[in-house]
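When the sequence shown is numbered by this note's numbering, its final residue is 606 and no position is left out of the sequence of numbers. Where a beta carbon is used, it is the ideal one built from N, C-alpha and C, also for glycine. All of these numbers come straight from a predicted model, not from anything done at the bench. Single-structure report; data block below.
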Amino acid sequence: MIFKIGSHNVHKVVIRLCVSRETFNHGEVMECDFLIIGSGIAGLSFALRASALGSVVVITKKEGNDTATNLAQGGIAAVVSSMDTFDLHVQDTLDSGAGICDEQVVRQVVADGPEQVRNLIDIGVDFVREGKDRDSPLSLGREGGHSRRRVVHAHDLTGREIERALLKKAKENPNIQLIENSICVDLLIVSKSKTGKVKSCVGAYVLLPDDDEIVPFQAKRTILCTGGAGKVYLYTSNPDISTGDGIAMAFRAGAEVANMEFVQFHPTCLYHRDAKNFLISEAIRGEGAILVDENGNRFMNKYAPDRMELATRDTVARAIDEEMKRTGKDCVFLDISHKDAAFLQKRFPGIYAKCKEYGIDITRDCIPVVPAAHYQCGGVVTDEWGNTTIAGLMALGETACTGLHGANRLASNSLLEAVVYAHKAFLFCEKEFSTIKANKKVDIDLWRSGNATKLDEEILINHNWDIIRRTMWNYVGIVRREKRLLLAQKRITEIQQEIEQHYQDYRVTPNMIELRNIALVASLIIMASLKRKESRGLHYIIDYPEKKVSCRKWYIFKKVVDADNHEKVKVRTKKISS
29 MIFKIGSHNV HKVVIRLCVS RETFNHGEVM ECDFLIIGSG IAGLSFALRA SALGSVVVIT
89 KKEGNDTATN LAQGGIAAVV SSMDTFDLHV QDTLDSGAGI CDEQVVRQVV ADGPEQVRNL
149 IDIGVDFVRE GKDRDSPLSL GREGGHSRRR VVHAHDLTGR EIERALLKKA KENPNIQLIE
209 NSICVDLLIV SKSKTGKVKS CVGAYVLLPD DDEIVPFQAK RTILCTGGAG KVYLYTSNPD
269 ISTGDGIAMA FRAGAEVANM EFVQFHPTCL YHRDAKNFLI SEAIRGEGAI LVDENGNRFM
329 NKYAPDRMEL ATRDTVARAI DEEMKRTGKD CVFLDISHKD AAFLQKRFPG IYAKCKEYGI
389 DITRDCIPVV PAAHYQCGGV VTDEWGNTTI AGLMALGETA CTGLHGANRL ASNSLLEAVV
449 YAHKAFLFCE KEFSTIKANK KVDIDLWRSG NATKLDEEIL INHNWDIIRR TMWNYVGIVR
509 REKRLLLAQK RITEIQQEIE QHYQDYRVTP NMIELRNIAL VASLIIMASL KRKESRGLHY
569 IIDYPEKKVS CRKWYIFKKV VDADNHEKVK VRTKKISS
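This is the structure we're talking about:
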């Protein structure tokens, strides 16, 4: 049987088992028990656990350690001190989330935090301790929005240390196959009812490295761990791979997504013409750094006199944005030169070394900083175990919307959420594995390019990529206005139409896949921003500056196909109780 997805013909074939590390035979469908898309903390944490149940394939776009996790500086927020309590961590998270966190989820994640930190230590993560003894207390940092020191860290290289330990264990595990430099095109979806309304995910189409052929991977469970979508914006702290692939693929497949309007802009990204995507950790403010203008005047007293530089990220980012607009300057400055030089070099070795590369000595100089897109608080809607609204499909980490973050993520709760939900997803799969394993194999279709030709002018992609990112930065950024959102929506819609035409006419390439995904994610952010007629958390819109009780809810979006085979977006709301 031949049918078409876009202009790409697909053709049914027989499945073979994929359990080895050998190269794949062309013209065949690969099979595994668990297909994990993404190799960050969420994906690898789940992979190590799931390998005890069956075969695991991890697909990653670049090298295994090229992830947002690897760039994470601050650490993992967890209650591991006698000076802290679960209730305090819960309250800090709820306060940061501006009224739309799922409190039950918050309490579950916070309560599970200490155990997951211990699990990471058992895996081999070397967190900093107060003394040289392995049994001495963990060193704890403090970041914006936290009422206590509770951030477990490895100096300012926490993400790198976690990724190192997880990747080492994964590569040593014979049940885990890591496929690098590969990108998923779309999910494999089958209908479970005659009407086609009940869907199930059975894997994904994967474009392998240095190959024109797209290989279908069939899996008992597919887990999206692709991280966020920072590359939707012109300035971001995210790695280049953060193009919202998981959110885009899930939405195209018919999964629900929510809270896409809540894009977190990290207040302090290094501002230098030669620097790219380098974050100045919030932990540096936790150790006493202050924000000043070019004349050395401290300004956070005007915006958050109680917490000053340790206010929540949305507050600090808006304050910096306002100062830059007021003065017309390109950046503000972070000053920690008043602290002991030896302490700074030991506590922030990564930041110290990177700034030194650009002629900035943080022990003597102020650090030029600007806000940058950092974290997507919304994403694919999941239940308490990580299941999406499509059977067979799970989502973990930044790709997911669990309810933990609400309208604004509390600093260092992201790595916490990733490890907790990786564990919860495993527990679900372990409990249901006999049922999962018994799922019948289905006929899977090979991908054929049909009459599509090779795209020989990348400028077609690069031009639209640049327009999308600049449009989102200028019109859908830290401070929004309805008129600008409508203009952005018009422009992104036009670009989406052009991209889809390219997708129909040309052979699929990694750049085309990413462009298609960031265009879709951009449109979802705009739609969600237009829907929320209030200012809450990370969504600040000049037309509706007040927070409204009536808007204490999620806006959830889903793609549907009507009787005439036209695609539409259906919106529903989920009210959050007091």
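Collapsing the DSSP output to three states places H117 in a helix. Restricted to the segment 262 to 348, the alpha helix (DSSP H) segments that are unbroken, complete and at least 4 residues in length are 273 to 281, 311 to 314, listed in chain order.
Linking L455 to S228 through their CA atoms gives a straight-line distance of about 21 Å.
The C-beta distance from V180 to I308 rounds to 20 Å, too long to meet the 8 Å contact threshold. Per the C-alpha coordinates, the member of G378, W493, L216, F371 positioned closest to G420 is L216. Beyond the five residues adjoining it in sequence on each side, T417 comes within less than 7 Å, by CB distance, of A283, E284, V409 in the same chain, given in chain order.
Counting other Cβ atoms within 10 Å of its Cβ, M500 reaches 16 or more and is therefore classed as buried.
Taking 8 Å as the cut-off, the Cβ atoms of H433 and G125 count as close. Remark: three or more beta-carbon pairs, one from each stretch, lie closer than 8 Å, so the segment 249 to 266 and the segment 532 to 552 are flagged as touching. For the pair L515 and S557, the Cα-to-Cα distance works out to about 13 Å. Taking all protein chains shown into account, N323 has fewer than 16 neighbouring C-beta atoms within 10 Å of its C-beta and is therefore exposed.
Secondary structure of I388 (DSSP, three-state): coil. In the three-state reduction of the DSSP assignment, T417 falls in the coil class, being assigned neither a helical nor a strand state. Secondary structure within the segment 566 to 601: the beta strand (DSSP E) runs of 3 or more consecutive residues, fully enclosed, are 581 to 589 (chain order).
Among the bridge pairs identified by DSSP, A247 is matched with C60. As the crow flies, the alpha-carbon of I388 is around 13 Å from that of D302. Taking 8 Å as the cut-off, the beta carbon of R249 is found closer than this to the beta carbon of I464. If you ignore the 5 residues before and after V507, its C-beta comes within less than 7 Å of the C-beta of R346, D349, Y568, I570, all in its own chain and listed in chain order. In this chain, H174 is not harboured by any alpha helix (DSSP H), its DSSP state being neither H nor E.
Counting the other CB atoms within 10 Å of its CB gives Q404 a total of 16 or more, which places it among the buried residues. Around the beta carbon of S83, a 10 Å sphere encloses 16 or more other beta carbons of the protein chains shown; the residue is thus reported as buried. The beta carbon of V218 lies closer than 6 Å to those of S228, V230, V470 in the same chain, with the five residues before and after it left out. Of the residues Y299, I584, F293, N492, the one whose Cα lies closest to the Cα of A400 is F293. Beta-bridge analysis with DSSP links K603 to K581. In this structure, the CA atom of T296 is about 33 Å from the CA atom of K603. Going by DSSP, G231 is part of the beta strand (DSSP E) stretching over 227 to 235.
For the pair I151 and K90, the CB atoms are not nearer than the 8 Å cut-off.
Residue burial is scored here from C-beta neighbours: S442 has at least 16 other C-beta atoms within 10 angstroms and is therefore classed as buried. In the DSSP assignment, G407 forms a beta bridge with A286. Take A182, set aside five residues on each side of it, and the residues of its chain with a beta-carbon closer than 8 Å to its own are G103, V153, D154, F155, V156, R188, E189, I190, in chain order. Note that the C-beta distance between F114 and V107 is below 8 Å. The segment 324 to 336 and the segment 488 to 499 do not touch, with fewer than 3 CB-CB distances between them shorter than 8 Å.
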